[in-house]
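Participant: Mind having a look at this structure? Questions to follow.
2 protein chains.
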Amino acid sequence: MKIHNFSAGPSILPQEVMQQASQAVKELDESGLSLIEISHRSKAFIEIMEEACERALQLTGLQGKGYKALFLQGGASQQFLMSAYNLLEKKAGFVNTGTWSTKAIKEAKLLGEVSEVASSQDANFNYIPKNYSVPSDLDYLHLTTNNTIFGTQIKSIPDTEVPLVADMSSDIFSRKFDYSKFDLFYAGAQKNMGPAGTTLVIFKEDALGKVSRSIPSMLDYAVQAKAESMFNTPPVFAVYTSLLTLRWIENQGGIEKIGIKNAAKATHLYGEIDRNSKFKGFAAPEDRSHMNATFNLTDPSLSETFDKICQTAGISGLKGHRSVGGYRASIYNALPIDSVEVLVDCMQILEKEY
Amino acid sequence: MKIHNFSAGPSILPQEVMQQASQAVKELDESGLSLIEISHRSKAFIEIMEEACERALQLTGLQGKGYKALFLQGGASQQFLMSAYNLLEKKAGFVNTGTWSTKAIKEAKLLGEVSEVASSQDANFNYIPKNYSVPSDLDYLHLTTNNTIFGTQIKSIPDTEVPLVADMSSDIFSRKFDYSKFDLFYAGAQKNMGPAGTTLVIFKEDALGKVSRSIPSMLDYAVQAKAESMFNTPPVFAVYTSLLTLRWIENQGGIEKIGIKNAAKATHLYGEIDRNSKFKGFAAPEDRSHMNATFNLTDPSLSETFDKICQTAGISGLKGHRSVGGYRASIYNALPIDSVEVLVDCMQILEKEY
Chain W
1 MKIHNFSAGP SILPQEVMQQ ASQAVKELDE SGLSLIEISH RSKAFIEIME
51 EACERALQLT GLQGKGYKAL FLQGGASQQF LMSAYNLLEK KAGFVNTGTW
101 STKAIKEAKL LGEVSEVASS QDANFNYIPK NYSVPSDLDY LHLTTNNTIF
151 GTQIKSIPDT EVPLVADMSS DIFSRKFDYS KFDLFYAGAQ KNMGPAGTTL
201 VIFKEDALGK VSRSIPSMLD YAVQAKAESM FNTPPVFAVY TSLLTLRWIE
251 NQGGIEKIGI KNAAKATHLY GEIDRNSKFK GFAAPEDRSH MNATFNLTDP
301 SLSETFDKIC QTAGISGLKG HRSVGGYRAS IYNALPIDSV EVLVDCMQIL
351 EKEY
Chain G
1001 MKIHNFSAGP SILPQEVMQQ ASQAVKELDE SGLSLIEISH RSKAFIEIME
1051 EACERALQLT GLQGKGYKAL FLQGGASQQF LMSAYNLLEK KAGFVNTGTW
1101 STKAIKEAKL LGEVSEVASS QDANFNYIPK NYSVPSDLDY LHLTTNNTIF
1151 GTQIKSIPDT EVPLVADMSS DIFSRKFDYS KFDLFYAGAQ KNMGPAGTTL
1201 VIFKEDALGK VSRSIPSMLD YAVQAKAESM FNTPPVFAVY TSLLTLRWIE
1251 NQGGIEKIGI KNAAKATHLY GEIDRNSKFK GFAAPEDRSH MNATFNLTDP
1301 SLSETFDKIC QTAGISGLKG HRSVGGYRAS IYNALPIDSV EVLVDCMQIL
1351 EKEY
């Protein structure tokens, strides 16, 4: 049976990427060796790393604009710490839009003063704060552009003189965007980019060097940049598979085209959530994420029935996060619209038959 | 042509492990989904992580002895920092046996006082210091059990009342050993355990909680232990492939049997290095590594000729590190003795024909 994979992350990747990655683990490009047994200092792997970094800059429109791309380890959680280590001298500001922002705030507090500039905690993070003022004395303002758990997404990046830093783990490469508004952004691979195990970090090169503390080597962007993401052995498989996905995005017509497809999938799904009497959306309509749609049953006693309908249709990974309950459909780049249609069918079956 | 892979790391893994890993990227256990697209919170992956941690403790003889195993990210380089963050309150001691020890010392210095208890830097690290005295006021003494670059290996663990910490990246699971002598040891996967991208850390649970500083979440062993290696998304592919290798080690008869095979490979190769007039070993004979054999030509002008002989025979990854020059044959667990025999043949061809 075909599985429709709505997992929040690790999550669906393009079928051809998984096939190519599988083949490379067997043998990389007729080299007689597996991808995972070659030296990271070999010509073959250095080319993989270089191409991955170049494509990341190209797709975000930042090539030749003074930015640097790195593939590191540790996930966004390590970036919560690392961004503060490298950029926080006195005070950083945060827009708190949920679990991940809260974790980022916690790590930054170890290294300096933190100002929570805005928060949507008053409504269990079901909306994106707007019209807040940004103090001018911040070293940077940190945003979470998409909130996987709550299903909200920042549609408009605030205009401010303060440097912007963003966690884009769950919506990078999903929509057209002025990435040059940011001094630094990062994204764990395991949503729209690749398997778990690597994290893309892109930063403006002149944003570094402004803090006075000693930075441990592994947490120092300058050290990692000087070593071209290879200060130590990089996560070879995760970087290679991310490169395959970046090539796939390019073949799809780049992120503008991908963004149009994602909007179509989201419109279809949210349309059904709003129309269907058995369901209600969780996030404020104007802030709804195009990556993670969160919704609940109007009658929670139907959950077992709906779960069964979904299971029969081959739907996987739809359970909502415990902070929200209900359902979460993660509709990342690689999820085909067919899968969304199957989910909509299941929602209609519930409405008609129960 | 069959390739004989002598790479220092990432390095050869068992053929069956690479086949199984490749298959899992296509589809995990007839689940209809790839290993890399399932949730790390799924039953399937939680079982993978649990089995990997259990097997690591079993193979090292530490199960039920108050130890905990974790699979983290960041490589040994991150452990240089993390071990100091968690264990260094006042002063740590280091036996400096080369590049990796030196890097570990550098990171520890950010967090406390460091005493270099012994060093072999006086002879370009070609031996392991012995008969040094260990000050009793150390929080711990850090060793590098095997030195990939210089080809030396600690044969006898010092007896001391001071807690021992070790970087075992390049010889873990390669020989029988009293692992309970250590309070903490760690190993990047990419030599004897799996692909680059995960790091095994094993520690005595009561060794933690003795420092007064605040530890960032990602660098806190207690946080990672409480979350069973899943404080954030783990490097799924690297952990799974490591598990496959741990199963393979078990099927080989465990590390005692593996150690006997490794000794046979090493004896064969060092025997030829000593016998053959064209070569000389780099490391002190009593400290020679069973994992990385370093050797040089007696007549360096023959290097192009020897390289050509090796290339014709399908030998890959033999170039020595720039700190030592010459050659380095990494003969990790998964390297078959046939490959060592092919290398010895090449060495004999050079001696006979040139």
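Read top to bottom, the protein sequences are chains W and G. Under my numbering, the letters of the first sequence match residues 1 to 354, in that order. Under my numbering, the letters of the second sequence match residues 1001 to 1354, in that order. Ideal Cβ placement from N, Cα and C applies to all residues, glycine included. Because the structure is a prediction, the values reported are computed rather than measured.
Just the C-alpha distance for G/S1212 and G/K1155, rounded to the nearest angstrom, thanks.
Facilitator: C-alpha separation (whole angstroms): 35 Å.
Participant: Select from W/I149, W/V114, W/G151, W/T160 the residue whose C-alpha is nearest the C-alpha of W/N131.
Facilitator: Nearest option by C-alpha distance: W/T160.
Participant: By DSSP, does G/T1060 sit in helix, in strand, or in coil?
Facilitator: Coil.
Participant: Mind checking which residues open and close the beta strand (DSSP E) that includes G/A1266?
Facilitator: It is not in any beta strand (DSSP E) - G/A1266 instead sits in the alpha helix (DSSP H) that spans 1254-1275.
Participant: Using the Cα positions of G/I1215 and W/L302, report the straight-line distance between them to the nearest angstrom.
Facilitator: The straight-line gap from Cα to Cα measures roughly 45 Å.
Participant: Which residues, in chain order, does the segment 34-64 of chain W contribute to contact with chain G at a C-beta distance below 7 Å?
Facilitator: Answer in chain order: S34, I36, E37, I38, S39, H40.
Participant: I'd like to confirm the pairing. Which residues does DSSP put opposite G/I1315 in its beta bridges?
Facilitator: The partner list for G/I1315 (beta bridge, DSSP) reads G/H1004.
Participant: What separation, rounded to the nearest whole angstrom, lies between the Cα atoms of W/A123 and W/S115?
Facilitator: Answer to the nearest angstrom: the Cα atoms are 20 Å apart.
Participant: Taking the straight line between their C-alpha atoms, what separation do you get for W/A227 and W/D307?
Facilitator: Each residue's alpha carbon lies about 49 Å from the other.
Participant: Any idea what DSSP makes of W/E89, helix, strand or coil?
Facilitator: Of the three classes helix, strand and coil, the one that applies to W/E89 here is coil, per DSSP.
Participant: Give a yes or no on whether the C-beta atoms belonging to W/M82 and W/M230 are separated by under 8 Å.
Facilitator: No, the Cβ-Cβ distance between W/M82 and W/M230 is not below 8 Å.
Participant: Tell me the rounded alpha-carbon separation between W/K109 and G/F1080.
Facilitator: Cα-Cα distance, rounded: 23 Å.
Participant: The beta strand (DSSP E) that contains W/V114, what's its start and end?
Facilitator: Segment 113-119, the beta strand (DSSP E) holding W/V114.
Participant: Could you tell me whether the Cβ of G/F1231 comes closer than 8 Å to any Cβ of chain W?
Facilitator: Chain W, which has a Cβ nearer than 8 Å to the Cβ of G/F1231, makes this yes.
Participant: For G/M1018, go through chain W and note every residue whose CB falls closer than 8 Å to its CB, in chain order.
Facilitator: The contacting residues are V25, K26, S34, I36, E37.
Participant: Does W/S180 pass the burial test, meaning 16 or more other C-beta atoms within 10 Å, or should it be called exposed?
Facilitator: Per the 10 Å Cβ criterion, exposed.
Participant: State the Cα-Cα distance for the pair W/S339 and W/F45, rounded to the nearest angstrom.
Facilitator: Cα to Cα, the separation comes out at about 35 Å.
Participant: Which residues does DSSP pair with W/S174 in a beta bridge?
Facilitator: None; W/S174 has no bridge partner.
Participant: Quick one: Cα of W/I255 to Cα of W/G9, how far?
Facilitator: One C-alpha to the other measures close to 20 Å.
Participant: With distances taken Cα to Cα, identify the nearest neighbour of G/S1034 among W/A266, W/T241, W/I172.
Facilitator: Checked all of W/A266, W/T241, W/I172; the closest Cα to G/S1034 is W/T241.
Participant: What is the residue span of the beta strand (DSSP E) that G/S1330 lies within?
Facilitator: That run of the beta strand (DSSP E) goes 1327-1330.
Participant: Could you please give me the residues that DSSP links to G/N1292 through a beta bridge?
Facilitator: G/S1330, per the DSSP bridge assignment.
Participant: Any residues in the segment 1136-1164 of chain G with a beta carbon nearer than 8 Å to a beta carbon of chain W? Which ones, in chain order?
Facilitator: Taking 8 Å as the Cβ-Cβ cut-off against chain W, none of the residues of the segment 1136-1164 of chain G qualify.
Participant: Restricting to Cα atoms, I'd like to know which of G/S1007, G/I1003, G/Q1019, G/E1027 is closest to W/I3.
Facilitator: W/I3 has its Cα closest to that of G/E1027, out of G/S1007, G/I1003, G/Q1019, G/E1027.
Participant: Answer yes if the segment 190-201 of chain W comes into contact with the segment 230-239 of chain W, meaning at least three C-beta pairs across the two stretches below 8 Å, and no otherwise.
Facilitator: The segment 230-239 of chain W, when compared against the segment 190-201 of chain W, does touch it at the 8 Å Cβ threshold.
Participant: Quick check on DSSP: helix, strand or coil for W/Y179?
Facilitator: Residue state, collapsed to three classes: helix.
Participant: According to DSSP, simplified to helix, strand and coil, what is G/A1196?
Facilitator: In this structure, G/A1196 counts as coil in the three-state DSSP scheme.
Participant: Using a 10 Å radius around the Cβ and a threshold of 16 neighbouring Cβ atoms, would you call W/I309 buried or exposed?
Facilitator: Buried: at least 16 other Cβ atoms inside 10 Å.
Participant: At a Cβ cut of 9 Å, what residues of the segment 1269-1287 of chain G count as close to chain W, listed as they run along the chain?
Facilitator: Here the close residues number zero.
Participant: Using a Cβ-Cβ cut-off of 6 Å (strictly less than) and excluding sequence neighbours within five positions of G/N1276, which residues of its own chain qualify?
Facilitator: Closer than 6 Å at Cβ, skipping near neighbours: M1347, E1351.
Participant: Whole angstroms is fine: what's the gap from W/S11's alpha carbon to W/F295's?
Facilitator: Each residue's alpha carbon lies about 19 Å from the other.
Participant: So G/F1185 is in the beta strand (DSSP E); what residue range does that whole segment cover?
Facilitator: Its beta strand (DSSP E) spans residues 1184-1188.
Participant: According to DSSP, simplified to helix, strand and coil, what is G/L1243?
Facilitator: The answer is helix: DSSP assigns G/L1243 an H, G or I state.
Participant: When you compare only the Cα positions, how much space is there between W/D183 and W/G326?
Facilitator: Taking the straight line joining both Cα atoms gives about 36 Å.
Participant: Helix, strand or coil for W/A84? Go by DSSP, reduced to three states.
Facilitator: Looking at W/A84 - three-state DSSP - the assignment turns out to be helix.
Participant: Roughly how many whole angstroms lie between the Cα atoms of W/D274 and W/Q121?
Facilitator: Their Cα atoms are separated by approximately 24 Å.
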